[in-house]
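In terms of the working numbering, the sequence shown has 1143 at position 88, counting the first letter as 1, and numbering is strictly consecutive. Positions of the beta carbon are idealized from the N, C-alpha and C atoms, including for glycine. A short worksheet on the structure shown next.
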Amino acid sequence: MTNDVTHTADKTPAETPETTTGRRIYGPLTDIVETADGVTLMLEMPGVAAEDVDITLENRALTIRGKVHAAQPEKLQLAYAEYGEGDFERAFTMSDDFDPDKIGAQVSNGVLTLTLPRAAEAKPKKITVTAS
């Protein structure tokens, strides 16, 4: 699995074309855990609800997008802001050893967790040795 988006920890907008909405697009910070059974990705996407996440897998490209709805306090005008609002997008190139029909996704507390199980034929097999 390779990472196709360059980003830094201080929320620099991802290297993507400008959007038609004029909003920033951030590459979410991602942790990746790999086991013999598959891979788990944990992406930071604060402010993104489950219904605003779009995940596609096409030609081995796993693309994750999250839309943030801007929260503006009623009857208040912002005097200073350090938090830049924007949407999230990140893409990964997948190897062929994952089962696309069993990919799972869940959002909790601003973290999107993707579970990518390996296909049965790609899992390591234990070979038993017998004495003769």
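Taking its Cβ as the centre, do 16 or more other Cβ atoms sit within 10 Å of residue i, making it buried, or is it exposed?
i: Gly-1159; result: exposed
i: Pro-1083; result: buried
i: Ala-1064; result: Any answer about Ala-1064 is weak, because its pLDDT of 42 lies below 50 and its placement is not dependable; what the coordinates show is given next. By the neighbour-count rule (16 or more Cβ atoms within 10 Å), Ala-1064 is not buried but exposed.
i: Leu-1098; result: buried
i: Glu-1144; result: buried
i: Asp-1142; result: buried
i: Gly-1077; result: exposed
i: Ile-1119; result: buried
i: Ser-1187; result: exposed
i: Ile-1182; result: exposed
i: Tyr-1138; result: exposed
Could you check where the beta strand (DSSP E) with residue i kicks off and where it finishes?
i: Ser-1163; result: 1159 to 1163
i: Val-1166; result: 1166 to 1172
If distances are taken between C-alpha atoms only, which option among the options comes closest to residue i?
i: Asp-1151; options: Glu-1140, Pro-1172 and Phe-1143; result: Pro-1172
i: Asn-1254; options: Asn-1164, Thr-1148 and Asp-1086; result: Since the first and last residues shown for the chain are 1056 and 1187, residue 1254 lies out of range.
i: Asp-1109; options: Val-1162, Ala-1174 and Val-1094; result: Val-1162
i: Glu-1140; options: Asp-1156, Val-1103 and Lys-1130; result: Val-1103
i: Ala-1091; options: Ile-1080, Arg-1079, Ala-1125 and Phe-1153; result: Phe-1153
i: Leu-1112; options: Ala-1174, Asp-1156 and Val-1123; result: Asp-1156
i: Ala-1175; options: Ile-1087, Gly-1093, Asn-1164 and Pro-1101; result: Gly-1093
Quick test of the definition: if touching needs 3 or more C-beta pairs under 8 angstroms, does the segment 1132 to 1140 touch the segment 1157 to 1171? no
- Those runs of the alpha helix (DSSP H) which lie wholly inside the segment 1081 to 1150 and span at least 4 residues: none
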